[in-house]
Amino acid sequence: MSDDLRAPPGDAVGVGPHPRPWPDDPDYDPALLAEGDRRNVADEFRYLRVDAIVRRLDARRHPFHVAIENWRSDPNIGSVVRSANAFLAAAVHIVGRRRWNRRGAMMTEHYQHVRYHPDLDALADFAAAQDLPLVVVDNVPGALPIDTAPLPERCMFVFGQEGPGVSQEAVRRAAALRYVRQFGSTRSINAAVAAGIAMYEWTRRHGGEAPVTNAPRTS
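Start counting the sequence shown at 1028; every next residue gets the next number (my numbering).
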């Protein structure tokens, strides 16, 4: 299999070999048709090549983007990429170091556009050229609750490094500041969790109905 994304032998996830006759479509991967598809993908993407899945996702991606600062190799980035794929973000933008731990992405980086920017100047230039206001999500002074405050349909969510949080430079450049309301004793939550909440809130307002293939099975 050219994409080399098969799960380990014995993995119960996925489907077995496709019954004959096989679909007469080059988007299908012959190796997957013959051996089964054990990847963590929704049913509508079973047996498809990676590039075919990306084309289908590109045709319906949402207009929000997600950026995360990566000044010292943040372990959350993989989880952010996975959530961005789940909520169909247009792209993930990594600011700072290009190196990150892909284990948390669970192979979703193959289906999700990921861009790199050396600094916030480069990110801001990209966002301005694409008419994407920067929406910083962190519990910083002046931030409004993300579940009640306005969220633009086209935007770039910006999240900070785990630990220090979002940089002051990012706050200064923000068109809007939002935070996730909390009810316990901790002052902050994991950046990847906050990113998932923000993306869910965006899709709740602007995303419409999720595909039926992503709904829980009833039997």
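Idealized CB from N, CA, C, for every residue including glycine.
Which listed residue (the options) has its alpha carbon closest to that of residue i
i       : options                               : result
Ala1219 : Ala1069, Pro1177 and Gln1188          : Gln1188
Pro1102 : Arg1142, Tyr1227, Trp1127 and Glu1236 : Trp1127
Tyr1143 : Val1108, Pro1172, Val1164 and Asp1165 : Val1108
Phe1114 : Arg1099, Arg1124, Gly1123 and Val1093 : Val1093
Asn1067 : Gly1123, Ala1116, Val1077 and Met1133 : Met1133
Ala1116 : Trp1098, Ile1104, Asn1097 and Leu1084 : Leu1084
Arg1082 : Asn1166, Gly1211 and Tyr1138          : Tyr1138
Ala1221 : His1120, Asn1166, Pro1053 and Arg1088 : Asn1166
Residue i to residue j span [Cα, whole Å]
i       : j       : result
Leu1178 : Gln1209 : 19 Å
Asn1112 : Gly1192 : 23 Å
Arg1130 : Glu1136 : 10 Å
Asp1078 : Tyr1055 : 10 Å
Leu1150 : Ala1197 : 10 Å
Asp1146 : Ala1156 : 16 Å
Tyr1206 : Ile1095 : 15 Å
Met1233 : Pro1090 : According to the sequence shown, residue 1233 is His rather than Met. Those two C-alpha atoms are separated by around 10 Å.
Ala1154 : Val1122 : 13 Å
Ala1086 : Met1226 : 19 Å
Ser1106 : Pro1050 : 34 Å
Gly1043 : Ile1216 : 40 Å
Arg1047 : Asp1070 : 18 Å
Asp1152 : Ile1080 : 30 Å
Arg1076 : Gly1190 : 38 Å
Counted within 10 angstroms of its Cβ, other Cβ atoms place residue i as buried (16 or more) or exposed
i       : result
Gly1169 : exposed
Leu1204 : buried
Pro1035 : Model confidence at Pro1035 stands at a pLDDT of 44, short of 50, so the residue's coordinates are unreliable and nothing is read from them.
Asp1064 : buried
Pro1238 : exposed
Arg1231 : exposed
Glu1228 : buried
Gly1235 : exposed
Arg1199 : exposed
Pro1214 : Reading the sequence as shown, one finds Arg at residue 1214 and not Pro. The residue is exposed, with fewer than 16 neighbouring Cβ atoms inside 10 Å.
Check: residue i C-beta below 7 Å from any heavy atom of the ligand PLP
i       : result
Arg1083 : Looking at this structure, you won't find the ligand PLP or any other ligand, since it has none at all.
Close-in-space but distant-in-sequence residues of the same chain around residue i (CB under 7 Å, 5 per side omitted)
i       : result
Ala1202 : Pro1160, Leu1161 and Val1162
Gln1195 : none
His1045 : Leu1060 and Tyr1074
Gly1041 : Ala1034, Gly1063, Asp1064, Arg1065 and Arg1066
Asp1174 : Arg1208 and Glu1228
Cβ-Cβ distance between residue i and residue j below 8 Å
i       : j       : result
Val1164 : Val1141 : no
Ser1110 : Gly1223 : yes
Asp1148 : Arg1181 : no
Trp1098 : Arg1125 : no
Spatial neighbours of residue i in its chain, beta-carbon cut-off 6 Å, leaving aside the 5 residues before and after
i       : result
Pro1172 : Arg1208
Met1028 : Any answer about Met1028 is weak, because its pLDDT of 41 lies below 50 and its placement is not dependable; what the coordinates show is given next. Closer than 6 Å at Cβ, skipping near neighbours: Ala1058.
Met1183 : His1092, Ala1094, Ala1154, Leu1159 and Leu1161
8 Å Cβ cutoff, residue i in contact with chain C
i       : result
Ser1215 : The structure shown contains no chain C; it holds only a single protein chain.
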